[in-house]
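Let me begin by presenting the structure, written as structure tokens, before commenting on it.
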Amino acid sequence: MDYYRRNELPETVKRYKTYTEQFQAWLLKTGIQRGVELANIVADQAKKKKSKKGYRIPLQEQEQLVNAITATSVPLADTSGINDLEDAIRSRREVTQYHKHNNTADLGHEYFSGSLETLMASLKVLVPGMNKARNRKNDTPTFVFIQLPTGPKTSQDEQDDLLKKMREQDQCDIESDGQQQQTPTSRTKKKAPISETNPLTAEEEQLRREFLILCFLYTFNRIRDVLYEIWVLYHKGLVNAITAALVSDLAQDQMNQNVKSLVEELDLLPGELAILIHQLFNKTKAALETGAQNSATLPAEKVLRHLFGLDAAALIKTYITKTYPTEDSADEDIREHPLMLFLKFFDVIRKGGLKLPKWDHFTEEMLLHQSTSQDYLPFGLAIVLDIQEAVREDYRRMLRDLTEHGLDIARCIRYHVDYEDRMWAKGTKPDYMCKEEIKFSTILLNPLDRLLEWLQELLNSQEKPMTASIFITVHSTLAGLSMWHFNSIYHHTAIAKIQWFIHGMAHLYNAACQMGGLEILWSDLDYLIMIYGAKVMFRGDPPTHPNDFLNRYLLSGNTSSRVMASDFRHTSEFLPQVSRELGAKRGLQPELSLEAKICDYYDSDADNDRWLRRHAVFNYLYRQSEDTDKTPDDDCQEATQDRKGLRDTFANLAANIAPPKPRRKGKSKSRVHRPDFDKQDETHAKLFGTMKSELRENEVHSNFDFLSFYRRAYDLVLRIRKEVLMSDQVQRFRAEDMNADPDPPNFQLITDLFRALQIDPKTKKGEEAEAEEGAGYQLSTKVVPLKQIRRVAEMIQDLTRSEGDVELKRAKLRVKGDWEGLKASYAAEEAGRDTSTVDDTVAQVEKVVLKTADDNVDSSTTLRNDDGDHRVKHKFEADGDSVDDPQYTPGNQLTGTDHSNNNLGGMLNKPATTAIIDVIGTQNGRVSLHKENGKKGVKRKHKADEDTENGPAYTPSLCEQISDPVYGTISQYALALSLYAGKLRQGQPSNDPTQQIISTTDSTSLAIPSPNDQRNNQLNVAEPTVRSPLAIKRKIMTRRTYHYKTYSSTTPRKSHTTAFHPCRTSKKTKIVALSQPRRGYYRRLTSTTNKRHVAFRCFARCSMARALCGQQTRVQRQMAIAIAELKKRARWDSAELKKVWLSIRDGKLGRVWDTDSNASSD
0 MDYYRRNELP ETVKRYKTYT EQFQAWLLKT GIQRGVELAN IVADQAKKKK
50 SKKGYRIPLQ EQEQLVNAIT ATSVPLADTS GINDLEDAIR SRREVTQYHK
100 HNNTADLGHE YFSGSLETLM ASLKVLVPGM NKARNRKNDT PTFVFIQLPT
150 GPKTSQDEQD DLLKKMREQD QCDIESDGQQ QQTPTSRTKK KAPISETNPL
200 TAEEEQLRRE FLILCFLYTF NRIRDVLYEI WVLYHKGLVN AITAALVSDL
250 AQDQMNQNVK SLVEELDLLP GELAILIHQL FNKTKAALET GAQNSATLPA
300 EKVLRHLFGL DAAALIKTYI TKTYPTEDSA DEDIREHPLM LFLKFFDVIR
350 KGGLKLPKWD HFTEEMLLHQ STSQDYLPFG LAIVLDIQEA VREDYRRMLR
400 DLTEHGLDIA RCIRYHVDYE DRMWAKGTKP DYMCKEEIKF STILLNPLDR
450 LLEWLQELLN SQEKPMTASI FITVHSTLAG LSMWHFNSIY HHTAIAKIQW
500 FIHGMAHLYN AACQMGGLEI LWSDLDYLIM IYGAKVMFRG DPPTHPNDFL
550 NRYLLSGNTS SRVMASDFRH TSEFLPQVSR ELGAKRGLQP ELSLEAKICD
600 YYDSDADNDR WLRRHAVFNY LYRQSEDTDK TPDDDCQEAT QDRKGLRDTF
650 ANLAANIAPP KPRRKGKSKS RVHRPDFDKQ DETHAKLFGT MKSELRENEV
700 HSNFDFLSFY RRAYDLVLRI RKEVLMSDQV QRFRAEDMNA DPDPPNFQLI
750 TDLFRALQID PKTKKGEEAE AEEGAGYQLS TKVVPLKQIR RVAEMIQDLT
800 RSEGDVELKR AKLRVKGDWE GLKASYAAEE AGRDTSTVDD TVAQVEKVVL
850 KTADDNVDSS TTLRNDDGDH RVKHKFEADG DSVDDPQYTP GNQLTGTDHS
900 NNNLGGMLNK PATTAIIDVI GTQNGRVSLH KENGKKGVKR KHKADEDTEN
950 GPAYTPSLCE QISDPVYGTI SQYALALSLY AGKLRQGQPS NDPTQQIIST
1000 TDSTSLAIPS PNDQRNNQLN VAEPTVRSPL AIKRKIMTRR TYHYKTYSST
1050 TPRKSHTTAF HPCRTSKKTK IVALSQPRRG YYRRLTSTTN KRHVAFRCFA
1100 RCSMARALCG QQTRVQRQMA IAIAELKKRA RWDSAELKKV WLSIRDGKLG
1150 RVWDTDSNAS SD
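In case it helps, numbering that gives the first Met the number 0 puts the sequence shown at residues 0 to 1161.
Okay, here's the thing in structure tokens:
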């Protein structure tokens, strides 16, 4: 390629495009200023149709605008647009002249140049002094003298040869001008350019051509060596076939470009390059046979044929021309050469005998451009022969890799489609955290059918002239590209659809590591975070503070960063999102950087700009190579020696064909200098090595099964959702939100969990408590769902122990081509799945048996759920036998984590409630704003005559309690307490556990020691449902397990609730809540439905008051039994007991007492 086309022509094209755009902008602006109606219309079209390249005004509209502007006859004040137009015309003329000079001109440039000149002539009228700027009368013409040879008149052929030499001379001048010139002060001598009046002689021109061919052959063999080494690595199992095929195909395209540049520079006709190369070979061979000077350093004839690619050229010539010349080939039986069958198979493909999924560059040129690419095809076939030589020993491996890789992708698609069908049949659609509803069977079944058809055609083809399986083993580049084609379709689709799910799992995994105590690494997910980078996953370093989890999670998605501003105000229900351009950059890209450039290169070539996309790949590789200090094979001593040997060989060839130095001093030297192969440009050869290294590093990523990883992670998400984020207890906490959105998406649940993990700003009371209790106490009281994230960490840990690195191992097996090991991995998974199904069945049977046994044992205390309807009046039996026998309802128990993870301090600071308080902030739909605003000091007010489902209960004041006549009738209980306190003063031992009575305005709880501590230790702990006494915090209670029986007046007697209550005195504590209705009038709440009523709290006739009045009810007898047990098994000292019962006598029912004398009354 000449210097002008390589360096100056692209810049000239950019300049005239820029000048034209500037002129169009000026023309539009001038038209608007002069009130041209068409200018406003064009401006509106430019705003609507504006793209990245800008809006281009058609020539017809430009002419109309110019005519409208000139019709005003007002001189132009701003002539910058005319200057731009003049520069655009000059640049276009330069490009047009270049194409005319090289016989590549078309009518496009002339048409545009003529149109712009017409516009210029029209606009010059509005600039009066423009034509007078130059005095053309004083201009002296420039004459160009061309010296023609003297003698008789030459024929037309001789004139053509003369013009041809003149063009070559001009190109030599361009090259000499493009060389870097030394400054005048430099001491180095300048090379005198060849005079125009003294062109090169025929011998010098021939020598120049031969040197250019040698430089081309050196670059060609340098690329061949790089490709050969890559396929040797494939033979050794160090790279896979896809990596080697991608590098080889890009090298084929670059060689085609090099051949075109050489043909253009030598001004050859199609097919003449092979003739010149063969002539150069004969010249070198003759010098070798005659033993001329420097012939001892020349390689053997076989090596020369390999360097010049003559065997491949003979095969291509025989295939294209259908003739069999023996003089061009080393073997006389070229018609029986096995590769002739390989070349004839392209005719089968051309006729539709085999449908290829992806064409490589050599196949495309063989099928479509045989006539125009006959100069390139010998070199392309030589590369194919080198690849075949590198993989000759394991030619069957290529066919096996191709078929096993296709079957593996088919298996991956089938597994996920079957998984989706099973989930849809169950009614649980897989959640990919996308807006659209995705079903992979509608996306991947068509590529799956095409893949299976390709494998079937490949394996079942008949011999014509050879089987397709043999053809694909010879043409390894085509085999590797077909593997890459189906592999890219599968991975591109999978990553694009599940990218936001992986984002959510990464943030949940990070929160479990930071706050949940997760210590075992999830290898599969860690690899994805490493390969994409923390900046992509977390928008920075992984967050470590609980207040950053939510913000980073939202920012990594499509949420705008404006929500993080302190003065952010928004009227919409949902958070604002980023623009579409920025949103396209968020998330996981389906391909990595180099793979994305390669995919663009293989995209459709409708605009005929694939050459530009090829340069984009090289540009990326060049920037990557600059970042490293050395090329990938600099540390290979063998490769360095091979390069040195190749340079020496071509240096000897150049020295052999160069004329000898003149012995006389007066004789002129040759004006054509020998090339220095040590300074030859080897950029592309090095870039192919860089490409191989980067693709090799990304092979694990390109073989990672993302959909299989999704199935494992989604099963974990379903378990977390069921047992933690949407457990029965959480649904009771979220009663109000569950009515609005009974099935919130997983994204919303994760967002709510991160929001609940945030620590509220410290108040004065919180700072005082932190100063007294320490910094750890502040975290435990404020971070309410800490036990939930710890439970999540436990579930992730269970998964990582068994299946944490399965996909990473399988990806490495695919890279190595260990298909048997991959099949064994799938077989082991299938066997484990069958075993787990049997175990689950047995576990369900055992669960039913144990549940039936529990029903028989706890039949006296089993309870039912409260339906929330209090309109039915329940009667109390005066005798001891109640008609309403308690019933057991399965599935009422709430399971949770160990109580050591509970935030007991935060629970102690909450008021007593009659309903379960929602401590996990939830949102409906997308990320909402009302929960965010609720943190900025906005609190709801609770009144005495109103009640909400999850609001705090109303507690009467001390005066209200004392003034109530019901609370004063407790004399018999005070007498019993005084007698019992006297026994304690006498020093009676108290070795047995003690009952505890916890009184609130709505209920009375009796703490009964558990008869079986071992059984209760198997229970898990969930969120508390009643307020715990401060005495538990002060460690006054004994370390035993208690059952809390709570009698409540806010629910019907027939409705019961079973829950677990955390207690620091025991790791496993069970709560049994027995409820009875209150008597009073009803008031419907604004937040409830029409059919749902809640009883108004009436403190005059509660169940505790009736019990204290001595009514002979079932409650009364249970109270008597509790007091008897209290006298037998008490461990508290007399002062504490007296203090407790004095508080009951004074009417402090409903308050949680404190053991300290200075305890607060609220």
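Yeah, the Cβ is synthetic: ideal placement off N, Cα and C, and Gly gets one too. No experiment lies behind these values; they were computed from the predicted model shown.
Inter-residue Cα distance where the pair is residue i and residue j
i, j, result
"R551", "P542", "7 Å"
"D740", "I471", "57 Å"
"P744", "M432", "8 Å"
"L593", "T570", "43 Å"
"D430", "D602", "31 Å"
"L353", "L245", "22 Å"
"T912", "P545", "At T912, the pLDDT of 31 sits below 50, so the modelled position is not reliable; the number obtained from the coordinates is stated separately. Cα to Cα, the separation comes out at about 28 Å."
"L106", "K16", "17 Å"
"H672", "P377", "29 Å"
"L161", "L265", "Bear in mind that the predicted position of L161 carries a pLDDT of just 45, short of 50, making it unreliable; the figure below should be weighed with that in mind. The straight-line gap from Cα to Cα measures roughly 15 Å."
"E209", "D540", "59 Å"
"K47", "D727", "54 Å"
"R391", "S692", "23 Å"
"I528", "A583", "19 Å"
"Q787", "R695", "42 Å"
"W453", "R413", "17 Å"
"R14", "A87", "7 Å"
"E580", "L216", "46 Å"
Beta-carbon spacing of residue i, residue j below 8 Å
i, j, result
"V458", "A409", "What sits at residue 458 in the sequence shown is Leu, not Val. No, Cβ-Cβ distance for L458 and A409 is not below 8 Å."
"L84", "L64", "no"
"Y508", "I795", "yes"
"H683", "Q61", "no"
"I386", "S247", "yes"
"N239", "L306", "no"
"L213", "F617", "no"
"E806", "F703", "yes"
"T11", "E93", "yes"
"H506", "F705", "no"
"L748", "M725", "yes"
Residues near residue i in its chain [Cβ-Cβ closer than 7 Å; skip 5 each side]
i, result
"A243", "I229, W230, Y233, G479"
"R561", "F567, P575"
"I501", "L527, L587"
Boundaries of the alpha helix (DSSP H) in which residue i is found, first to last residue
i, result
"H336", "Run containing H336: none; DSSP gives neither H nor E here."
"F703", "Neither: F703 is in no alpha helix (DSSP H) and is coded neither H nor E."
"H368", "Run containing H368: none; DSSP gives neither H nor E here."
"P446", "440–458"
"M254", "240–265"
"C598", "592–600"
"P356", "Segment: none, P356 is in no alpha helix (DSSP H) and carries neither H nor E."
"N618", "609–626"
"G479", "475–513"
"M536", "533–537"
"M563", "That residue, M563, is in no alpha helix (DSSP H); it is neither H nor E in DSSP."
Same chain, Cβ closer than 6 Å to residue i, five either side skipped, listed in chain order
i, result
"I488", "P446"
One or two residues paired with residue i in a DSSP bridge
i, result
"Q576", "T558"
Sequence-distant residues of its chain with Cβ nearer than 8 Å to residue i (five each side left out)
i, result
"Y375", "M254, N255, V258, K259, E364"
"W483", "I241, A244, L245, K357"
Contact test: residue i Cβ vs the ligand FAD heavy atom, cutoff 7 Å
i, result
"I40", "The ligand FAD is absent from the structure shown, which contains no ligand whatsoever."
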